[in-house]
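K.L.:
Residue numbers (my numbering): 41 to 229.
Idealized CB from N, CA, C, for every residue including glycine.
The structure under discussion is supplied below as structure tokens; questions concerning it will follow.
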């Protein structure tokens, strides 16, 4: 099979999966009663950001370490991720790597900060700040992948690059719009 045929098949499958997921999410509205808890529901700790408005409460008891951070250790580990992304970015500047890889390290830093915001507050806005940068980082990674010299013909490479850009923009806009209406409980949980 040629690489272009594989690319067409994968793009078609991903596109259909996004459309099906969008229909499912819009058809079933998520309400606060639908919150998924991964810890005991007997956890009654409240803190500065209470009550939680996110559609999920992860694997850590809330407000145990401090009343200002809902999931302390998840928040700290996310900040460590941002620190490592900053180190990667600075080392990349020093070593004069390509801008696309610098962009990827910045996107990892944004994922870390967004995740820290979500786990620190357990708000819907925080959940968006956590989940959407993950999608954008995936699109950046996809862009990097399609910029590699894996296609033999310049025509094929240009076509794949253009298609990747168009799909990435479509996917990012659709995901952001739908996520602003509704958190994607099905995909991320």
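#1: Could you compute how far the alpha carbon of residue 140 sits from the alpha carbon of residue 181?
#2: To the nearest angstrom, report how far apart residue 212 and residue 179 are at their CA atoms.
#3: Measure the C-alpha to C-alpha separation of residue 93 and residue 185 and round it to an integer number of angstroms.
#4: Just checking my contact of residue 123 with residue 145 at CB under 8 Å: how many whole Å lie between their CB atoms?
#5: Looking at residue 121: is its Cβ nearer than 9 Å to the Cβ of residue 160?
#6: With the cut-off set at 9 Å, would you say residue 155 and residue 177 are in Cβ contact?
#7: Using DSSP bridges, identify the partner residues of residue 109.
#8: How should residue 91 be labelled, buried or exposed, when 16 other C-beta atoms within 10 angstroms of its C-beta is the threshold for buried?
#9: How about residue 206 and residue 152: do their beta carbons lie closer than 9 Å?
#10: Inspect the beta-carbon positions of residue 247 and residue 171 and report whether they are closer than 9 Å.
#11: Residue ranges of each beta strand (DSSP E) run of no fewer than 3 residues wholly in the region 102-178, ordered along the chain?
#12: I'd like the list of long-range same chain contacts for residue 112, defined as Cβ closer than 6 Å, with 5 residues on each side in sequence excluded.
#13: Apart from the five residues on each side of it in sequence, which residues of its chain come closer than 6 Å, Cβ to Cβ, to residue 166?
#14: Using a Cβ-Cβ cutoff of less than 7 Å, which residues in the same chain neighbour residue 103 once the five nearest sequence positions on both sides are dropped?
#15: State buried or exposed for residue 114, treating a residue as buried only when at least 16 other CB atoms are found within 10 Å of its CB.
#16: Quick one: residues in its chain with C-beta nearer than 8 Å to the C-beta of residue 208, no 5 flanking neighbours on either side, listed in chain order?
#17: Count the other CB atoms, across all protein chains shown, that sit within 10 Å of the CB of residue 162; report buried if there are 16 or more and exposed otherwise.
P.N.:
The answer reads as follows:
#1: 9 Å
#2: 8 Å
#3: 36 Å
#4: With 8 Å as the limit, residue 123 and residue 145 do not qualify as a contact, their Cβ atoms being about 12 Å apart.
#5: no
#6: no
#7: 106
#8: exposed
#9: no
#10: The requested residue 247 is not part of the displayed model; the chain covers only 41 to 229.
#11: none
#12: 105
#13: 157, 158
#14: 85, 86, 87, 110
#15: buried
#16: 179, 182, 183
#17: buried
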